[in-house]
Amino acid sequence: MTQYLKERQKQILTKGKDSVEIACGKKSLAGSVSQRACVFCGSRVVLYPIADALHVIHGPVGCASYTWDIRGALSSGPQLHRLSFTTDLKEKDVVFGGEKKLYHALCELIDKHKPKAAFVFSTCIIGVIGDDVEAVCKKVSEEKGIDVLPVMSEGFNGTKKDGYKIACSALSRLVGTDKDYHPAKYSINILGDFNLAGELWILAEYYKKIGVELISCMTGDGRVEEIRRAHHASLNVVQCSGSMMHLAREMKEKYNIPFMKVSYFGIEDMSDALYEVAKFFKDEEMMQKARELVTNEISTLLPALQPYRQKLEGKKAAIYVGGAFKAISLVKALRLLGMKTVVVGSQTGNAEDYKLLKELCDDGTVIVDDSNPNELSEFVKLTRAHLFIGGVKERPIAHKLGIGFCDHNHERKEALAGYIGMVNFAKEVFASVTSPVWKFVK
Amino acid sequence: MFELNTIKKQTESYKPTQNACKLCSPLGASIAYKGFQGCVPLIHGSQGCATYIRRYLISHYKEPIDIASSNFTEDATIFGGDENFKTAVLNIFNSYNPQIIGIASTCLSETIGDDVNLFLHHFLAENKEIDCDFVVASTPSYQGTHIDGFHEAVSAVVKKFAKQGYTQNHINLFPGFVSTEDLRTLKEITSDFGIDSILLPDYSESLDNPVWNTYHRIPAGGTKQADIEKSGSARASIEFGTILNRGSLSGRVKNQSLSGTGAQYLMNKMDVPLISLPMPIGIMQTDAFFEELEKITGKKSPEKYEKQRGRLVDAYVDAHKYVFGKKAVLYGEEDFVVGMAAFLDEIGIELALVASGGESGILETEVKKYCPENRDKVVVREGFDFENIKEWCKESSPDILIGHSKGYYIARELNIPMVRVGFPIHDRIGGQRIKHLGYSGTQELFDTIVNTLIEYKQNTSPVGYKYM
Chain A
1 MTQYLKERQK QILTKGKDSV EIACGKKSLA GSVSQRACVF CGSRVVLYPI ADALHVIHGP
61 VGCASYTWDI RGALSSGPQL HRLSFTTDLK EKDVVFGGEK KLYHALCELI DKHKPKAAFV
121 FSTCIIGVIG DDVEAVCKKV SEEKGIDVLP VMSEGFNGTK KDGYKIACSA LSRLVGTDKD
181 YHPAKYSINI LGDFNLAGEL WILAEYYKKI GVELISCMTG DGRVEEIRRA HHASLNVVQC
241 SGSMMHLARE MKEKYNIPFM KVSYFGIEDM SDALYEVAKF FKDEEMMQKA RELVTNEIST
301 LLPALQPYRQ KLEGKKAAIY VGGAFKAISL VKALRLLGMK TVVVGSQTGN AEDYKLLKEL
361 CDDGTVIVDD SNPNELSEFV KLTRAHLFIG GVKERPIAHK LGIGFCDHNH ERKEALAGYI
421 GMVNFAKEVF ASVTSPVWKF VK
Chain B
1 MFELNTIKKQ TESYKPTQNA CKLCSPLGAS IAYKGFQGCV PLIHGSQGCA TYIRRYLISH
61 YKEPIDIASS NFTEDATIFG GDENFKTAVL NIFNSYNPQI IGIASTCLSE TIGDDVNLFL
121 HHFLAENKEI DCDFVVASTP SYQGTHIDGF HEAVSAVVKK FAKQGYTQNH INLFPGFVST
181 EDLRTLKEIT SDFGIDSILL PDYSESLDNP VWNTYHRIPA GGTKQADIEK SGSARASIEF
241 GTILNRGSLS GRVKNQSLSG TGAQYLMNKM DVPLISLPMP IGIMQTDAFF EELEKITGKK
301 SPEKYEKQRG RLVDAYVDAH KYVFGKKAVL YGEEDFVVGM AAFLDEIGIE LALVASGGES
361 GILETEVKKY CPENRDKVVV REGFDFENIK EWCKESSPDI LIGHSKGYYI ARELNIPMVR
421 VGFPIHDRIG GQRIKHLGYS GTQELFDTIV NTLIEYKQNT SPVGYKYM
């Protein structure tokens, strides 16, 4: 049994030991038990939070079942996104084609739920049996008078990242279709926040306080109407850059809207996200408000963090998350708690992300792309980490090895963004690392 | 008789499924494979199939669940998944050193016509050093549900390893898809009877591990290969479930013949007598199971179980008023709801609806067969999804909802008390340890159901009484 598969070795490096660049952006290695999902997953997670749209999954039942109410993406109004709709194809549909079924399913669902738009996700076999999804969508769209957008997200057609791109293309068909909107003087779109545990609402409040109108968020607490008018914004503020950069670039090209990358995790990145926007608008009053906001928040936050920091100082953490941009913020946020990152990796990071991570981390930190349970458990053992930060699939790795775990993924129930999010994060890390239960597993 | 005309059966063509009450077959196959020692499941399809299924199972079992994928690319889809399949097998072999690689096909690989057995043949000819065994189950998700995948994988394993021989003293137990605690309960029962039993499959440990000191790439547990071999010389097979993989026939075009279950294979090919029973939930069906064990062993049930049964009857007596005439909506996998329905019927609960996403065509017959008390009142629907169930609940206002986590939104929206049983339990700790089977499992279910009804009454009562 080899420790790491040979083909995977270029995607793993230890800072200070390996001088080569990490390989990334590759298809997952067959048989490696990658933590990634597929193209469909990428598209589904990005579009999922649009709460007043119908999301129909065209294929056999599995893809719909596994993604029913899967993300903690909250909506302040409609909850349509939390239902799971599928054409539930059977063998006879695979043989004779699923177009009719799709057509009838769409008509029935649109009549019943009255959505503002519909997304139709193609799953693997649709690409094989050759259903003309585009044509069906067009027909239903004409008949029902709403946008019915095909999302050609066949699972085999690339990686999860390609799924992001496909979702962005679907979004860009909506953007720009509301010509009459008149935005405020200073307006932005937030791209790549999904309102997990209500995080968008925290951010929206900050931007409101410094005098910036939020025209749309793509896609957290998303509404079709807001997306239609997104092109009226002066700036796109992009978080989770992996999923939304395609749209940001396209909007720059098409509507000349500049974009900036930000992160809302941790004090530094959160504060920068406000300052950078104020700087962009070159408005001294806004900058002043941003400074006040940051000062106020930090003056309550830092003392609140202190007791946690005292207990957490010197503890070691392993991070494995979907997007590398989040990993970068987490390294900084952990540092604020006195903790050191000893393993950091992501499913979909790019070369630039990994370069940044390498600069940021201390010598000896293991950096990894598209990892798997065998590797991650080895790294945790090797580095003697006290905490693992990741998603559902990483949790049992941590728990089986008897170390704490913090869920920083779709299903989290506590907001971790913004200043209040930093306190929640500290509380969760503290609860996980210092729980008395670990004495039974050592 | 209670009847709703507004809701039509979901089997009509062109109907969308809204909040499915079923999963796809590779999931069931993966669970079954986990119940054989040293087995690593490989799903031959896109990466998402394996990852979604892992995520779904991890949320229920709270255990590392490694399922490999052959990770289809566009090339593989056009030219065949041969190369990806071989790479996957090689990498699994090198990183897991498995005894068995349990392969489940997918809608994608089946539609493009990949012949996994042929791939394997070529692969093994080229790679002599690979010394693990392979099992192949055909599990396209457009056929049946996860339950069909489960039976398909169990049957594939039995067909691969079972050896015919002189009849020995042990028995085979084909438990169907039950919880890890249920499997432990079954093992305890047969061991108390003093008979060796082979569970097919047995994921009681591999999907419910203690905490580890070091990471195990393949968790311990699972039925040993030597035992699977012995299944061919068992004195009898006891198989729980009377519907089994019949759901896989729905919506088929070409092949209308049903592949047999593992127990059926052993009966037909190796003359191992097959005793078919519904899941032993409730007193009557558990009695039936114990009677069979008494017949096989020639021994009376151990006193321990006489007492368990006695306490259960005592509890039925103490609490009969709280459950009598209450209307329940029950949903889940077909064989599971048959067993649960038998139990609920014998305590005087009326089944306003027994629903399943499976479509065997015989669910109604089977449910009614085991519900003598309220046979005429029971409403049974197969091919139902949760939106159908919700509509039904709105009109029939049941007193209690009984089923897995995914019905919670209905309970919440309509303010119906709910008891969680079966799979998946994604919103509670310990879902894998819920016990359903035997007298002791029934006891736990009974207490939970009674207390849920009492709690609801207590909470909604203006008095808030403290004793009953």
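Quick mapping for you: the protein sequence lines, in order, are chains A and B.
Sequential numbering of the first sequence, starting at 1, is according to my numbering.
Sequential numbering of the second sequence, starting at 1, is according to my numbering.
Just so you know, even glycine gets a beta-carbon here, dropped at the ideal spot from N, CA and C.
Nearest by alpha-carbon distance to residue i: which of the options is it?
| i | options | result |
| --- | --- | --- |
| B:Met267 | B:Lys326, B:Pro98 and B:Thr167 | B:Thr167 |
| A:Ala273 | A:Ile12, A:Asn189, A:Glu134 and A:Arg309 | A:Asn189 |
| A:Ile210 | A:Asn372, A:Ser263 and A:Phe280 | A:Phe280 |
| A:Tyr206 | A:Ser34, A:Leu13, A:Glu297 and A:Leu301 | A:Glu297 |
| A:Gly31 | B:Pro98, B:Ser276, B:Tyr61 and B:Gly339 | B:Pro98 |
| A:Leu301 | A:Met287, A:Lys427 and A:Thr87 | A:Lys427 |
| B:Thr145 | A:Glu213, A:Glu134 and A:Val61 | A:Val61 |
| B:Leu377 | B:Asn209, B:Lys326 and B:Gly383 | Correcting the residue type first, residue 377 of chain B is Lys in the shown sequence and not Leu. Here the closest residue by C-alpha is B:Lys326. |
| A:Glu313 | A:Glu375, A:Leu336 and A:Val212 | A:Leu336 |
| B:Val154 | B:Leu183, B:Leu124, B:Pro201 and B:Asp114 | B:Pro201 |
| B:Ala236 | B:Arg311, B:Gly221, B:Ile31 and B:Gln164 | B:Gln164 |
| A:Ala37 | B:Pro41, B:Pro26, B:Glu382 and B:Arg55 | B:Arg55 |
Give the DSSP-derived three-state secondary structure of residue i in the structure shown.
| i | result |
| --- | --- |
| B:Glu63 | coil |
| B:Glu239 | strand |
| A:Pro373 | helix |
| B:Ile7 | The predicted position of B:Ile7 is uncertain, since its pLDDT is 41 and thus under 50; a value taken from the coordinates is nonetheless stated next. Three-state DSSP puts B:Ile7 in coil, outside helix and strand. |
| B:Glu413 | helix |
| B:Leu120 | helix |
| B:Cys21 | coil |
| A:Ala23 | coil |
| A:Gly345 | strand |
| B:Arg420 | strand |
| A:Lys252 | helix |
| B:Arg55 | helix |
| B:Ile400 | strand |
| B:Pro16 | coil |
| B:Asn94 | helix |
| B:Asn172 | strand |
| B:Met1 | Residue placement at B:Met1 is poorly supported in this model, since its pLDDT is 34, which falls under 50; the coordinates still yield a value, given next. Of the three classes helix, strand and coil, the one that applies to B:Met1 here is coil, per DSSP. |
| A:Leu54 | strand |
| B:Tyr465 | coil |
| A:Val485 | Outside the displayed span of chain A (1 to 442) sits residue 485 of chain A, for which this structure offers no information. |
| A:Pro78 | coil |
Have a look at residue i and residue j and give me their C-alpha separation to the nearest angstrom.
| i | j | result |
| --- | --- | --- |
| B:Thr286 | B:Phe240 | 11 Å |
| A:Tyr181 | A:Ala417 | 30 Å |
| B:Tyr331 | A:Thr348 | 39 Å |
| A:Thr123 | A:Glu285 | 50 Å |
| B:Ile58 | A:Glu394 | 9 Å |
| A:Thr14 | B:Thr106 | 38 Å |
| B:Thr365 | B:Ala76 | 44 Å |
| A:Arg42 | A:Met270 | Note on identity: in this sequence residue 42 of chain A is Gly, with Arg being the wrong assignment. Rounded to the nearest angstrom, the two C-alpha atoms are 25 Å apart. |
| B:Met270 | B:Glu188 | 27 Å |
| B:Ala342 | B:Asn245 | 20 Å |
| B:Asp133 | B:Ile101 | 6 Å |
| A:Ile146 | A:Val39 | 26 Å |
| A:Lys165 | A:Leu47 | 11 Å |
| B:Tyr316 | B:Gly403 | 21 Å |
| B:Phe324 | B:Ile349 | 5 Å |
| B:Asp447 | A:Val392 | 32 Å |
| A:Leu376 | A:Ile397 | 8 Å |
| B:Pro424 | A:Lys326 | 30 Å |
| B:Val313 | B:Ile281 | 14 Å |
The ligand GTP heavy atoms versus the CB of residue i: any closer than 7 Å?
| i | result |
| --- | --- |
| A:Cys217 | Only the bare structure without any ligand can be found here, which leaves the ligand GTP out of the picture. |
> Of the residues that make up the region 294-321 of chain B, which ones have a beta carbon closer than 9 Å to any beta carbon in chain A?
Replying inline: none
Ranges of the beta strand (DSSP E) found wholly within the region 267-334 of chain A, counting only runs of at least 3: 316-321
Subject >> Interface positions of the region 353-380 of chain B facing chain A (Cβ-Cβ less than 7 Å), listed along the chain >> reply: none
Uninterrupted beta strand (DSSP E) stretches inside the region 262-307 of chain B (no shorter than 3 residues): 274-277
When Cβ atoms are compared, which residues of the region 387-405 of chain B fall closer than 8 Å to chain A? Glu387
> At which residue ranges does the region 169-222 of chain B contain complete alpha helix (DSSP H) runs of 4 or more residues, listed in the order of the chain?
Replying inline: 180-192
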